[in-house]
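Below is one structure, written out as structure tokens, with a few remarks after it.
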Amino acid sequence: MNEKVGVYVCHCGTNIAGVVDVESVAQWSAETLKNRDVVVGRDYEFMCSSLGQELIQNDIKELGLTRVVVAACSPHLHEQTFRTACDRAGLNPYLCELVSIREQVSWVHTDKSAATEKAKAVISGGVERVLMHEALEPLQVPIHPATMVVGGGIAGIQAALEIADAGRQVYLVEREPSIGGHMAQFDKTFPTLDCSACILTPKMVSAGTHPNITLLTWSEVENVDGYVGNFTVSVRQKARYVNIDACTGCGICWEKCPKKVIDDVYEAGFGQRKAIYTPFPQAVPKYPVIDVENCIYFINGKCKACQIFCPTEPNSIDFEQEDQLIDIEVGNIILATGFDLFDSTRIPQYGYGKLANVFSSLEFERMCNASGPTNGDIVMRDRKTTPKSVGIIHCVGSRDKNYNEYCSTICCMQSLKFAHLVIERTGAEVYNFYIDMRTAFKDYEEFYQRVLEEGGHFIRGKVAEVTDAARTPEEEGKLIIQAEDTLIGRQRRIPVDMVVLSAGLEPRHDAKEVAKQFGIACSANSWFIEKHPKLDPVSTMTEGIFIAGCVQGPKDIPASVAQGAATAARVLARIQQGEISLEPVRASVIEEKCSGCRICNDLCPFTAIIFHEDRMVTEINPALCQGCGTCVAACPAGAITGTGFSDEQIYAQIDGLLMLNLEQPLEAVAG
Amino acid sequence: MKKYAYFPGCSLEKMAQSYHMSAMETTRKLDIELQELDDWNCCGATAYFHVDEILAYTLTARNLAMAEKAGLDLVAPCSACYKNSYFTNKNLKQDPDLADHINYALEEDNLSFSGSIAVHHLMEVYVHDVGLEEIKAKVSHPLKGLRVAPYYGCQIMRPRKDHEDIESPQFFEDLLSAVGAEPIDYPGRLRCCGGSLILTSRDAALNMVYILLQSAVDRGATVIATACPLCQVNLECYQQQVNQEYGTNFSVPVLYFTQLVGLAFGVPPKRLGIGRELVSTEEVLSYIEEGEPYE
Amino acid sequence: MATKPTFRQEISNLLFAAHGEPLKTCIQCGTCSGTCPAVEFMDHTPRQLIAMINADLKDEVLASNTFWYCASCFHCTARCPRDIDIAELMYAVKRYSIWHKTYPEDLIGPVFSGAFVKTIIRSGRSYEPVLATSYIFSFGPREFLKEATTATSMMVKGRIPVIPPRIKRLDNFKRVIGRIVPVGGPK
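One line per chain: the protein sequences are A, B and C, in this order.
When you read off a place in the first sequence, starting at 1, and then add 2, the result is the number in my numbering.
When you read off a place in the second sequence, starting at 1, and then add 37, the result is the number in my numbering.
When you read off a place in the third sequence, starting at 1, and then add 661, the result is the number in my numbering.
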């Protein structure tokens, strides 16, 4: 062998040193492992500190170390630290191995002498393994300068604008006919009470007219191929049946269309649209779409009123139009597909869908909105009567093991906003039913104070049921909200005219499929998973795919905007560098050994395996491979090996752990 | 011929004898055999659980073990017996240590619990095992749109959290529609009748019964249908006391769902135990449409 | 060295067979009390009782009438957003109360339960006429009369059992009970 191995044992304060006798372990390494090429064994209080790193660096320079083993915490935390330290001292970073004697020894054992012996074994294993390491170079992959943003809500729009403003090409893909997302449905936004459309539409217009942004609305991603820097995305642009080169957005077609449809998306079921429609007046782009399931022409060949009345030359209506499948090459993808509202019919005791005057939050937003179905008037289901009392229920479907355990973060503020709007526009008595008031961010608590001053009633108690079964004359004809007023310890029945349910936020119903399509992970409740919840909320474990906005978890508009901007910054940094370094710890197929059995093909969680039909061999895409090792283990011919985790390296480590290296020379054991 | 181990429960001997009679008459017509569990003991109701939980489980485990011996699923017409049997079955299956402890005791009666059978409420037999189509086919005297308030009560559904419709079940309404009645939608259908509180905390129970009766009457119920003897007794036998306490004048007949099904099948009212009520059922009987006379 | 269990731990130990979520996860939302059909008659709401148990206020909990007014309708359990089995908890507190004999004197519940249990141990079945004696004598004259009227009407319609029922294998049954509670059942 004739390598020169340095062993460094960290105290980690008392985390390791409190259980393991670190000094004797360091000494033992230098003495007992001398004939295993260990030339120095040191211990230090905090190896990860600058001074600790310098110890290693000095030894590399002065003793000419060719391998380094650091026995400290988990590689998850400091592998990068020590590798970089070695790199700076001129040693290839992949010749440094970090073994854990904290999470795997001192933190899980109480018997000090046994723990010390175990630490020795772990280090012994690390030494044997590192002797088998090779110097590796990271993989350099070029970055395509274009970016795709999937989801045209406020987070997606923000990301797109920032990338476009930096002079880079962006494709903004949106499922609905217009960008805008849920924010376009709201009336006012908390806590400033800005009109939602007023602050959103300027960004929408910018996005729609920006020379660097290609808007692909009424479109969905069908397939994603490739890897970071080199994605090929197939997008299906659904047929609008409208020729956008001729259409002026004048609106005569939807005026004349005889078919009314309940608008389940934009109007949240509260209002109607026509079979040919734009979702709202400020739609970007302005071109309508035809809903083929409800269009009379597509059902039975009759009508064609839109075409008949269309004033443009040539006619903008084109019933023969077909879907377009476009392949787009991009370097990075940002997913900002937003949320769905919790379906309140799942809580029958609240009466949504059964009792007429129970409304969901989105229905109520549409009611308050000046361009909504009631022109901004807060009225009961009969569209005429102004309510004299309104109950607003917090935590519908949230913080509840029967539905969603998490808190949806925005509903308390939204409920306060509703309370304010009701008081301002109708002077009605407003009752908010809450468990806790979650008003944590800037100006939120002050907004709560404001609503209290405006006279809103607040009852602390999760609502048990909403019923129309009157027990007293005062309750006749009303909706009765029954809850315990926990602050006075009494069950109360509050009769109101109207009830608004602050329903929770849920992931999109197809979140799991979308995540799979892009090769990223979802949590158990289907929010997309970030790389690190504290320190890296916008990256994913898949290089090149970023997430922003509510797709990552419920959040308010400022947070969504911030995340959109953060992903833009990340992407721009990548594009600007032109290339990205990928970890060289990857699996690769030894072609001569591959029999083409394809057992590994479906096992890869990162879809990194390609099968070559012509040569009947499997190949692993090094850019997608994350080095998980599943295929390596599965291959019956042993044809797959991992750089950085080869069979030889692992067997050597096992021998070292079992201390077989000390009794006899290693070669005799490996056989 | 589908066979079940029938666990009538203490109330069905006398207090709710009409439930037993009508259950027998109607299941016979549907080719179901309810084989009474030999030497069954009391399920413990709620009172036993006030004293000793494990002993209470043992009581029910004895019945379950006997049903297992007969190799038949257990059917209970009383919601309280059903709930105790269902959850004893479930908890003992999930907790082998507890089952072991109780089996040690059951040895004294040469019995052993192994969790090999399932537990059903009598209504489940009609609605799920027989099915509404077959029930409709056997109706000879449809109930002519009789306005029935289906009273589920508590323990036929709760605290089962595995059943997705515990806040909005429909099976009782469906059963009533299948026999020609018109089930009414009233908000009290899942509320409690007070159960044994009628004896131990009468004021609360009378209040609950009052709210229930008012709820049904407000929506125009002609008769209330129940699936539990405790509910039937509370709602019917104590109507007089409710009237005295609250100044109301309720006079709502309360029948078991099996009696209504029996009437629709053309069984003579006497054989269904009709006539033992404290509140007259004359009006209900006038709703039976003339059909083939009962053989 | 063993530590004295808190009242909450004692109660949780009594929830042995019925597995429920721990009381400490209660967020005091009030759904249980908002749902409870008998809450008007309780001196503390179910939610308050849980808070008192968590605060180790043993004497006040045991002096409360809350759990004696529980009808075991399980609606609270069905709706609890933390999956706590509140109705089962009421049973546990009742058991504790009967076991330690801490219930107020004028309460019918414990007396009734005691009589119920005795009847079952004696015969394997319940028997209303004997059970009636456990509560009827604590009624005031007006209520006594009302109950007598109701009972008479039911008797006339043949709904009150006359002969007390017994199971056949009563000896075995008593031995079964003896193996659970060695002295042959609670006194």
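For every residue, glycine included, the Cβ atom is placed at its ideal position computed from N, Cα and C.
The structure presented is a predicted model; accordingly, all values stated were derived computationally and were not measured.
Straight-line gap, residue i to residue j (C-alpha atoms, nearest Å)
i                      : j                      : result
residue 664 of chain A : residue 651 of chain A : 17 Å
residue 126 of chain B : residue 89 of chain B  : 17 Å
residue 292 of chain B : residue 486 of chain A : 34 Å
residue 34 of chain A  : residue 65 of chain A  : 19 Å
residue 117 of chain A : residue 721 of chain C : 50 Å
residue 10 of chain A  : residue 173 of chain A : 50 Å
residue 64 of chain B  : residue 70 of chain B  : 7 Å
residue 671 of chain A : residue 660 of chain A : At residue 671 of chain A the pLDDT is 35, less than 50, meaning the model places this residue with poor confidence; the figure from the coordinates comes in the next sentence. When rounded, the distance between both Cα atoms is 11 Å.
residue 166 of chain A : residue 150 of chain A : 11 Å
residue 516 of chain A : residue 176 of chain A : 14 Å
residue 764 of chain C : residue 447 of chain A : 46 Å
residue 48 of chain A  : residue 14 of chain A  : 5 Å
residue 213 of chain A : residue 242 of chain A : 23 Å
residue 426 of chain A : residue 281 of chain A : 28 Å
residue 848 of chain C : residue 247 of chain B : With a pLDDT of 43 at residue 848 of chain C, under the threshold of 50, the modelled position of this residue cannot be trusted; read the value that follows with caution. Cα-Cα distance, rounded: 37 Å.
residue 774 of chain C : residue 692 of chain C : 28 Å
residue 98 of chain A  : residue 67 of chain A  : 10 Å
residue 56 of chain A  : residue 87 of chain A  : 8 Å
residue 185 of chain B : residue 54 of chain B  : 21 Å
Beta-carbon proximity check, residue i vs residue j, cutoff 8 Å
i                      : j                      : result
residue 338 of chain A : residue 566 of chain A : yes
residue 743 of chain C : residue 688 of chain C : yes
residue 395 of chain A : residue 465 of chain A : yes
residue 138 of chain A : residue 69 of chain A  : no
residue 530 of chain A : residue 542 of chain A : yes
residue 81 of chain B  : residue 121 of chain B : yes
residue 27 of chain A  : residue 159 of chain A : no
residue 502 of chain A : residue 272 of chain A : no
residue 826 of chain C : residue 795 of chain C : no
residue 73 of chain A  : residue 32 of chain A  : no
residue 216 of chain B : residue 164 of chain B : no
residue 189 of chain B : residue 158 of chain B : no
residue 1 of chain A   : residue 581 of chain A : This structure leaves residue 1 of chain A out entirely; chain A is present only between 3 and 673.
residue 193 of chain B : residue 265 of chain B : yes
residue 632 of chain A : residue 606 of chain A : yes
residue 295 of chain B : residue 48 of chain B  : no
Residues that DSSP places opposite residue i in a beta bridge
i                      : result
residue 326 of chain A : A/239
residue 10 of chain A  : A/44 and A/72
residue 534 of chain A : A/538
residue 744 of chain C : Its beta-bridge partners do not exist; DSSP assigns none.
Neighbour-count burial assignment, residue i, 16 or more Cβ in a 10 Å radius
i                      : result
residue 618 of chain A : exposed
residue 334 of chain A : buried
residue 658 of chain A : buried
residue 620 of chain A : buried
residue 760 of chain C : exposed
residue 642 of chain A : buried
residue 554 of chain A : buried
residue 480 of chain A : buried
residue 673 of chain A : Residue placement at residue 673 of chain A is flagged as unreliable, the pLDDT there being 35, under the threshold of 50; the coordinate-derived value follows with that caveat. Exposed.
residue 537 of chain A : exposed
residue 805 of chain C : exposed
residue 798 of chain C : exposed
residue 455 of chain A : exposed
residue 90 of chain A  : exposed
residue 358 of chain A : exposed
Which runs of the alpha helix (DSSP H) spanning at least 4 residues fall entirely within the stretch 323 to 395 of chain A, listed in chain order? Listed in chain order, they are 363 to 370.
Complete beta strand (DSSP E) runs within the stretch 422 to 449 of chain A (minimum length 3 residues, chain order): Restricted to the stretch 422 to 449 of chain A, the beta strand (DSSP E) segments that are unbroken, complete and at least 3 residues in length are 431 to 436, listed in chain order.
What are the complete beta strand (DSSP E) segments, minimum 3 residues, inside the stretch 176 to 255 of chain B? Every unbroken stretch of the beta strand (DSSP E) spanning 3 or more residues and falling wholly within the stretch 176 to 255 of chain B is given here in chain order: 184 to 187.
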